[in-house]
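What follows is a single structure, written as structure tokens, with notes after it.
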């Protein structure tokens, strides 16, 4: 190992720590140019190449970039939107979910009603959220409330294959399947009133959370470039302990091409979440007669991405390529990259719970900047395989159990509900307790689900 | 089921067995479709949609990875659920014919969105004259 590994964990989470995930973290620590530590957040679990919940920063001079450190779903992320509503205003939650389900294409094989030209797709991959806003799918204020203002610099549509573009074209504005969701939530508890006020969140408020990524376009970018970087490993004679850590020097043509394609996919994902939020706003406007302007974006975070950032290492300010795979940026106060209105508090950090459980809003900290390259956890993390979850409980039982707690669920089929049952995941509250107590992000508010659309 | 599912917390790991590489390529593609669309092996369908795939790669592992990635791409972009595969593998070359039916959400909407095929999760072993493939689908 070139650097030590560090895992943020509690005793309660130790029992579910997989050997495979720890081995993967050790493998990451052997990669060229890695700086300081190979890090894992408390929601660590076995991924491919890097563990999910992993963070690794690489030197620009002798470091590498790896699709295994980003994941197939580039810029899978979460956004949270506020509303002026409280729970009793919602009325028929089932009816609301049916309307949202119609407005946001969901599940395997779902296609968008949007017809994108090749030129429009290229613009979307460069401009991200701004493209959607300029096309009429958003408000100017939405843009600055996205990580990186909803568009990473350096996106290169030419590095995105025709296959990836072909997959991305019919899917803009779709939620996808698996653990992706759209959830109507209520702010149940505020822990930090000053930060909550700065973020525009108050107790009792109804919010909407969207969790999804770059769809088939991002998956194809990962598949294409994994093969290119697989060859680059031989070309640059990089010694790796796991084939799926395929990587290339950051300065190499292969490394630059992957970065350009990954940034393009990340921007597609930001535009995708923007489109979904716009369609959600339309439904709420129609049902509750509230203008879009009264449904502000609170924030949008990426949790599968590699970015060029400046950090302090051993007393020196250095530029690094920070890989976060199943980890969220948690920049503390004062960082220029964060929107001006959040520079005193630290950036908002959104941690979704598993279906039927609490989600959390946190804030980034100065300690995270020093300890984790400004990073924190991304969610609950799976505990049971999908097969094991389905054996334990049926979709109908999960739906009934959630209904007893006042939570309505809508999904393409009952199996999708059983697989995502709360018992299949680690406790999001415990994961968040660890990051809060270790100071790499701090609790601001807790949100509880009211209605869930599962992909 | 046309495959055996192995334990994996986050993704889907499967094992398929075949006498030849050609068989395990075919069985792996069948397993992929079963995972993506919740197909049962007993389903008999007429397959009106036809696609051809021709690939060359450096080794068998990469060839299988490229083949399954192509199946995902073709299935998603053409809206086809493939139900039969005629596969020929000769060293580093593959020629295949994919037969399928149009995607119908009522029939095929019970599966998982497979994001990609893992290279590190792939093992091809020879056990007692049989080829045993273990492969991980990232979902």
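Chains as they are written, first to last, in the working numbering: chain A, 6 to 460; chain B, 60 to 198.
Using N, Cα and C, we set each Cβ at its ideal position, and we do this for glycine too.
Could you round the C-beta distance between residue i and residue j to whole angstroms and report it? I think they count as a contact, below 8 Å.
| i | j | result |
| --- | --- | --- |
| residue 187 of chain A | residue 285 of chain A | 7 Å |
| residue 410 of chain A | residue 218 of chain A | Actually they do not touch by this definition, with Cβ atoms about 28 Å apart. |
| residue 108 of chain A | residue 275 of chain A | The pair is not a contact, with the Cβ atoms about 19 Å apart (cut-off 8 Å). |
| residue 60 of chain A | residue 328 of chain A | 7 Å |
Does any residue of chain A have a CB that is nearer than 9 Å to the CB of residue i?
| i | result |
| --- | --- |
| residue 131 of chain B | yes |
| residue 79 of chain B | no |
| residue 151 of chain B | no |
| residue 96 of chain B | yes |
| residue 176 of chain B | yes |
| residue 69 of chain B | yes |
| residue 179 of chain B | yes |
| residue 51 of chain B | Limits of chain B in this structure are 60 at one end and 198 at the other, which puts residue 51 of chain B out of reach. |
| residue 64 of chain B | yes |
| residue 92 of chain B | no |
| residue 122 of chain B | no |
| residue 110 of chain B | no |
| residue 106 of chain B | no |
| residue 136 of chain B | yes |
Determine the DSSP secondary structure at residue i, reduced to helix, strand or coil.
| i | result |
| --- | --- |
| residue 305 of chain A | strand |
| residue 404 of chain A | helix |
| residue 77 of chain A | coil |
| residue 87 of chain A | strand |
| residue 144 of chain B | strand |
| residue 295 of chain A | coil |
| residue 448 of chain A | strand |
| residue 252 of chain A | coil |
| residue 197 of chain A | coil |
| residue 382 of chain A | coil |
| residue 60 of chain B | Reliability of the predicted coordinates at residue 60 of chain B is poor, the pLDDT of 47 falling under 50, and the value obtained from them is presented with this limitation in mind. Looking at residue 60 of chain B - three-state DSSP - the assignment turns out to be coil, as it is neither helix nor strand. |
| residue 113 of chain B | strand |
| residue 288 of chain A | helix |
| residue 111 of chain A | strand |
Taking 9 Å as the threshold (beta carbon to beta carbon), is residue i in contact with chain B?
| i | result |
| --- | --- |
| residue 171 of chain A | yes |
| residue 278 of chain A | no |
| residue 250 of chain A | yes |
| residue 390 of chain A | yes |
| residue 464 of chain A | Here chain A covers residues 6 to 460 and nothing more, so residue 464 of chain A does not appear. |
| residue 34 of chain A | no |
| residue 210 of chain A | no |
| residue 228 of chain A | yes |
| residue 427 of chain A | no |
| residue 54 of chain A | yes |
Applying the criterion that 16 or more other CB atoms from any shown protein chain within 10 Å of the CB defines a buried residue, is residue i buried or exposed?
| i | result |
| --- | --- |
| residue 94 of chain A | exposed |
| residue 242 of chain A | exposed |
| residue 189 of chain B | exposed |
| residue 92 of chain B | buried |
| residue 352 of chain A | buried |
| residue 15 of chain A | exposed |
| residue 50 of chain A | buried |
| residue 309 of chain A | buried |
| residue 244 of chain A | exposed |
| residue 391 of chain A | buried |
| residue 126 of chain A | buried |
| residue 220 of chain A | buried |
| residue 60 of chain B | Unreliable positioning characterises residue 60 of chain B in this predicted model, as indicated by a pLDDT of 47, which lies under 50. A coordinate reading is not provided. |
| residue 145 of chain A | exposed |
| residue 56 of chain A | buried |
| residue 448 of chain A | buried |
| residue 249 of chain A | buried |
| residue 78 of chain B | exposed |
I'd like the list of long-range same chain contacts for residue i, defined as Cβ closer than 8 Å, with 5 residues on each side in sequence excluded.
| i | result |
| --- | --- |
| residue 203 of chain A | 346, 347, 349 and 350 |
| residue 147 of chain B | 81, 153, 154 and 155 |
| residue 325 of chain A | 40, 62, 63, 64, 65, 68, 313, 314, 315, 316, 318 and 378 |
| residue 129 of chain B | 112 and 114 |
| residue 395 of chain A | 420, 423 and 424 |
| residue 399 of chain A | 419 and 423 |
Note down, in chain order, each residue of its chain lying with its Cβ closer than 7 Å to the Cβ of residue i, except the 5 sequence neighbours on either side.
| i | result |
| --- | --- |
| residue 166 of chain A | 225 and 229 |
| residue 35 of chain A | 6, 7 and 246 |
| residue 163 of chain B | none |
| residue 387 of chain A | 50, 429 and 430 |
Closer than 6 Å by C-beta to residue i: which residues in its own chain qualify, once you throw out the five before and the five after it? Chain order, please.
| i | result |
| --- | --- |
| residue 216 of chain A | 83, 185, 186 and 357 |
| residue 169 of chain B | 97 |
| residue 417 of chain A | 112 |
| residue 333 of chain A | 306, 308, 354, 381 and 383 |
| residue 182 of chain B | 193 |
Against chain D, with Cβ distances strictly below 9 Å, would residue i count as a contact?
| i | result |
| --- | --- |
| residue 274 of chain A | Looking at the structure shown, chain D is missing, and the protein chains on hand are A and B. |
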